[in-house]
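Residue numbers (this note's numbering): 15 to 117.
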């Protein structure tokens, strides 16, 4: 399983779990810490503005541990309903060439 964090300039962090490993709140909490470090390194100044994430409401993302972390650093979640009939931004922007979209 891979978790990808990206912006309009490219990939900020690609977090790949070992085979058979599932993401949980503790794992995601750790990933957010690494993401914060990568943002600081790759996108100087972004942490002084608002960081906005988009993910569904799966347990690791909605867990108290995760929500406390996001609140502490002032990061926001952009809502995107699970099983939406519309494309997620990553379907088009990140995986567009794999899906056959002409970018």
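Positions of the beta carbon are idealized from the N, C-alpha and C atoms, including for glycine.
Worksheet item: Which residue from 27, 75, 57 puts its Cα closest to that of residue 92?
Response: In this structure, 75 is the residue among 27, 75, 57 with its C-alpha nearest to the C-alpha of residue 92.
Item to complete: Tell me where the beta strand (DSSP E) around residue 18 begins and ends.
Response: Taken as a continuous stretch (DSSP letters only), the beta strand (DSSP E) holding residue 18 covers 16 to 21.
Item to complete: Taking 8 Å as the threshold, find out whether the segment 76 to 84 comes into contact with the segment 31 to 47 through three or more Cβ pairs.
Response: A contact exists between the segment 76 to 84 and the segment 31 to 47.
Discussion item. Is it buried or exposed, residue 145, if we count other Cβ atoms within 10 angstroms and call 16 or more buried?
Written reply: What the structure shows of the chain is the stretch from 15 to 117, and residue 145 is not part of that stretch, so it cannot be assessed.
Worksheet entry | Reference residue 72; option with closest CA among 37, 62, 54, 87 | Closest option to residue 72, judged by alpha-carbon separation, among 37, 62, 54, 87: 37.
Worksheet item: Roughly how many whole angstroms lie between the Cα atoms of residue 56 and residue 15?
Response: If you take the alpha carbons of residue 56 and residue 15, they lie about 23 Å apart.
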